[in-house]
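Just remember that the working numbering sits 12 ahead of the position in the sequence shown, which is counted from 1. Down below is the structure, laid out as structure tokens.
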Amino acid sequence: MSAPARPGPTALLATGCGTAVASVCALGLVQIQRSLAGPWAVAAVVAAGGACAVLARTFGRLNEVVPSGAGLPAYLSRAFGRRVGLRLALPYLFLMIALAGIETRIVGTLLGAVLGVPAWTCGLAFLLVTWGVCRLGVRPGYRAQVVATAALMVLLAGAALLALAGALRDGRATDLVRVAPPPLAVFLAAVGQAFFLFMGFELVTSHVEVAGSARPVGVALRRSVVVLTGFYGLLVAGFAAMPAVTSPASWLTPQVTMAAATGGALGVAAVTVACLLASYTSFNGALLALSRLVQVLSSQGVFPRGLARVDPQRLVPARALDALTVLAAVAAVLLSGHAATLVVLGAAAGAATLMYASALWARERAPFREAGRSRLARLVSATLAAALLLLGSGAVIEAALTVSSRAAAASGGTHGR
């Protein structure tokens with residue numbers, strides 16, 4: 013039997029974008045839109061995208077020097093030593109699994125409301141379908157990723173454009189644009205939140221062994237950031253043009269509530285489909301990448317060696333896929349409630365910025381730094397790393413304050429009764 017075809021540039025681009033775009037990103041977009049008015053929210057996304065463009069080139073260099081399916085742990089282990097590298101990388105990767113659990117809850121909520129069945133049943137079905145497609149092999153997994161990513165971006169971009177068109181018709185566009193600049197601290201905290209939206213784009217580096225070389229992965233990294241910046245910028249502008257969410261019951265799926273207020277039943281149907289696609293692409297992309305990463309680390313003894321087996325024809329580590337799916341299901345059960353979700357989102361934003369800062373530091377160490385690399389380039393890299401740490405800290409603090417204020421409000425309401 014012939015070996016499966018290697019993924020092309022479109023498949024890698026769809027994997028990079030699809031892994032980052034998730035239904036849970038709507039919570040981050042709403043948080044940014046609540047903190048900043050229209051154009052400043054877009055500016056925060058663009059600022060985060062500009063920094064991620066630098067990071068894309070950084071990850072491209074790391075992947076070129078150490079082309080490993082282990083991705084982030086491999087790069088950081090080479091730069092800082094195995095123990096430090098794993099301690100830096102593994103929390104970020106476990107938080108990716110936690111986010112997959114939250115995605116499962118969102119899917120369960122969406123489908124349960126539409127079909128009138130228990131949410132946990134729908135969430136479990138989502139997990140099993142995604143797991144089953146990944147287990148079919150690399151080629152079906154990539155094909156599904158391309159179709160789903162394209163469909164969700166078209167649907168969500170269309171919804172955002174309709175919201176903006178409605179604001180133009182109603183005369184609200186001028187008020188959305190003419191706003192005073194926000195305090196610098198608020199803007200920087202929003203930029204930190206915006207980094208969460210890009211989280212996962214770099215996991216495409218784990219596909220280097222399947223892709224055959226580092227070059228197509230590097231191209232996918234750079235193009236993914238460009239596409240994601242434009243996409244999220246359009247979405248946050250569209251969110252700013254939609255009515256604010258006022259129903260506490262809709263906190264997990266604010267995009268559906270907003271769609272109902274602007275597009276009626278048809279808008280809700282379109283956004284619901286887009287949300288399901290977003291959840292699928294993020295989880296499918298994460299499974300494709302993380303299973304490869306777990307497989308490589310298992311072969312090195314970090315995880316049980318039984319997870320290191322790869323089907324030679326399908327090119328999938330089936331046991332690693334199974335383990336990750338079970339962990340995502342456990343996360344979906346444990347991470348229930350608004351407070352737990354906010355904690356995970358804040359921790360994920362902080363872990364992402366720490367990971368990105370670590371990658372920038374690794375870029376300036378052996379064996380990744382070129383002999384002729386200029387002092388200015390090293391200064392820019394160090395400055396961006398420090399800025400990322402500050403932004404991540406701000407995102408974590410903001411999430412903690414939000415949870416604390418909600419807990420205090422709930423306690424006050426209980427005592428009042």
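Beta carbons are placed, not taken as given, at the ideal position from N, Cα and C, and that holds for glycine. No experiment lies behind these values; they were computed from the predicted model shown.
In the three-state DSSP reduction, Glu221 falls in the helix class (H, G or I). Here Thr116 is near Phe295, since their CB atoms are less than 9 Å apart.
If one requires a minimum length of 4 residues, the alpha helix (DSSP H) runs lying completely within the region 170–240 are 185–189, 196–210, 220–223, in chain order. Arg90 counts as buried, since at least 16 other C-beta atoms from the protein chains shown sit within 10 angstroms of its C-beta. Per DSSP, the continuous alpha helix (DSSP H) segment holding Val126 begins and ends at 94–127. For Ser386, there is no enclosing alpha helix (DSSP H), as DSSP gives it neither H nor E.
Val119 sits away from Leu357, with the two beta carbons spaced by 9 Å or more. Rounded to the nearest angstrom, the gap between the Cα atoms of Pro194 and Trp52 is 8 Å. For Leu173, the closest alpha carbon among the candidates Val77, Trp132, Gly212, Val283 is that of Val283.
For a cut-off of 8 Å, the C-beta gap from Leu200 to Gly61 is around 15 Å, too long to register as a contact.
Beyond the five residues adjoining it in sequence on each side, Gly224 comes within less than 7 Å, by CB distance, of Arg18 in the same chain, given in chain order.
Pairing Gly30 with Thr293, the inter-Cα distance amounts to about 5 Å.
In the displayed model, Phe315 falls within coil according to three-state DSSP, outside both helix and strand. About 6 Å separates the beta carbons of Phe208 and Ala364, which is inside the 8 Å limit, making them a contact pair. Comparing alpha-carbon positions, the option among Leu288, Ala330, Val285 lying closest to Gln307 turns out to be Ala330.
Where Gly81 is concerned, there is no enclosing alpha helix (DSSP H), because DSSP gives it neither an H nor an E. Our two residues, Ala185 and Gly242, have alpha carbons roughly 20 Å apart in a direct line. Non-local C-beta neighbours of Gly50 in its own chain, meaning closer than 7 Å and more than five positions away in sequence, comprise Leu188, Val189, Val191, Ala249, Ala252, ordered along the chain. Annotated as proximal: Leu164 and Val33, with beta-carbon spacing under 9 Å. When C-beta atoms of the region 306–325 are compared with those of the region 340–354, fewer than three pairs fall below 8 Å, so the two segments do not count as touching. Listed in chain order, the non-local C-beta contacts of Gly28 below 6 Å within the same chain comprise Phe213, Val216, Ala232, Ser236, local neighbours out to five positions each way being set aside. Taking one beta carbon from each stretch, the region 326–345 and the region 62–76 have fewer than 3 pairs nearer than 8 Å; the two do not touch. For Leu148, the uninterrupted alpha helix (DSSP H) segment begins and ends at 131–148. For Gln45, the enclosing alpha helix (DSSP H) covers residues 37–47.
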